[in-house]
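Undergrad:
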Amino acid sequence: MANILIIDDSPTDVRVFSMLLERAGHRVDAVNNAEDGIERVRATKPDLVIMDVIMPGMNGFQATRTLTRDPATAHVPIVIITTKSMETDRVWGMRQGAKAFITKPVNEKELLSCINELLPKAA
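Numbering of the sequence shown is given in numbering that gives the first Met the number 0, commencing with residue 0 and proceeding in unit increments.
(1) Which one of Gly56, Pro55, Met54 and Arg39 has the shortest CA to CA distance from Val48?
(2) So is the beta-carbon of Met0 under 8 Å away from any non-hydrogen atom of the ligand ZN?
(3) Using DSSP with H/G/I as helix, E/B as strand and the rest coil, what is Met18?
(4) When the Cα of Leu20 is compared with those of Asn32, Ile5 and Pro10, which residue comes out closest?
(5) Between the stretch 22-36 and the stretch 80-87, can you find at least three pairs of beta-carbon atoms closer than 8 Å?
(6) Using the three-state DSSP reduction, which class does Met154 fall into: helix, strand or coil?
(7) Drop a sphere of 10 angstroms on the beta-carbon of Lys120, count the other beta-carbons inside from all chains shown, and report buried for 16 or more, exposed for fewer.
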């Protein structure tokens with residue numbers, strides 16, 4: 000069981016991801032903007048972060064870069080989940096420090112497989 004933080008401004012996506020992750024045995028926390036997400040990661044050190052890209056204020060790419068460049072949070076793997084499906088978006092997200100990039104709509108098995116691959120590295 001892992002502690003997973005969802006940073007996404009869509010209540011629907013947060014609910015869907017939370018249900019899926021809780022069914023898989025994980026503990027889930029969520030915030031609806033990048034700025035609060037950065038503070039929550041610094042305060043709680045989750046095992047993994049699910050990050051949306053398109054949010055009001057700071058976007059998910061900026062938040063990913065902030066977290067992965069901060070020595071206190073750089074060890075927390077970030078999975079970007081977004082509607083942005085261009086290859087340039089995927090490359091940019093990975094260059095910001097994301098460990099995975101998944102486009103919406105999300106395949107449940109793909110997401111859980113990705114998370115399971117990243118969690119041992121977080122432990």
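Positions of the beta carbon are idealized from the N, C-alpha and C atoms, including for glycine.
TA: By the coordinates alone:
(1) Arg39
(2) Ligands in the displayed structure: none, and consequently the ligand ZN is not present.
(3) helix
(4) Ile5
(5) no
(6) Since the first and last residues shown for the chain are 0 and 122, residue 154 lies out of range.
(7) Since pLDDT at Lys120 reaches only 48, below the 50 mark, its modelled position is unreliable, and no value is offered.
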